[in-house]
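Heads up: the structure comes next, in structure tokens.
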Amino acid sequence: MIGQKLFEEVSAKVSETIANSPAKDVEKNVKAMLGSAFNRMDLITREEFDIQQQVLIKTRTKLAELEERVAKLEASLSASAEPAQAAQQTDTSSEG
1 MIGQKLFEEV SAKVSETIAN SPAKDVEKNV KAMLGSAFNR MDLITREEFD
51 IQQQVLIKTR TKLAELEERV AKLEASLSAS AEPAQAAQQT DTSSEG
């Protein structure tokens, strides 16, 4: 019980001493310098990153769907073109 109270008192005194010491000013200055450096680096927040990541996932999904549709359309176009080509070849060979 006494040990706990003594620990709390010492902890409070240390916190008070640090708050009133030049170390607190140094901490503030370092934080300000880092903040300024980060602003110049044009960094984004985690939230902005996550949003862009979701947009990219949706875009990739849509691209895959569109590629699949194009492949099906090309296949159906070539399938319908083959009988027409065969009919043209038959017509030209019977004419000659």
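Residue numbers 1 to 96, in full-length UniProt numbering, belong to the letters of the sequence shown in order. Where is the CB? At the ideal position from N, CA and C, for every residue including glycine. This one's a predicted model, so the numbers in the text were calculated from it and none came from an experiment.
1. In whole angstroms, give me the CA-to-CA distance for residue 85 and residue 65.
2. Restricting to runs no shorter than 4 residues, where is the alpha helix (DSSP H) found entirely within the segment 57–92?
3. From residue 37 to residue 61, what does the alpha carbon distance come to, in whole angstroms?
4. Any idea what DSSP makes of residue 18, helix, strand or coil?
5. What number of angstroms, rounded off, separates the C-alpha of residue 80 from the C-alpha of residue 63?
6. Quick one: Cα of residue 47 to Cα of residue 57, how far?
7. Going straight from the alpha carbon of residue 51 to that of residue 42, what length do you get?
Result, derived from the coordinates:
1. One-based indexing of the sequence shown puts residue 85 at position 85. One-based indexing of the sequence shown puts residue 65 at position 65. Approximately 30 Å between the Cα atoms of the pair.
2. If we require 4 residues or more, the segment 57–92 turns out to have no alpha helix (DSSP H) run fully inside it.
3. The residue you call residue 37 lines up with position 37 of the sequence shown. The residue you call residue 61 lines up with position 61 of the sequence shown. One C-alpha to the other measures close to 37 Å.
4. In the sequence shown, the residue the question calls residue 18 occupies position 18. Residue 18 falls in the helix class under three-state DSSP.
5. Here the question's residue 80 lines up with position 80 in the sequence shown. Here the question's residue 63 lines up with position 63 in the sequence shown. Residue 80 and residue 63 have their C-alpha atoms spaced approximately 26 Å apart.
6. As a working mapping, residue 47 is identified with position 47 in the sequence shown. As a working mapping, residue 57 is identified with position 57 in the sequence shown. Distance between the alpha carbons of residue 47 and residue 57 is about 15 Å.
7. Stepping through the sequence shown from its first residue, residue 51 is reached at position 51. Stepping through the sequence shown from its first residue, residue 42 is reached at position 42. Distance between the alpha carbons of residue 51 and residue 42 is about 17 Å.
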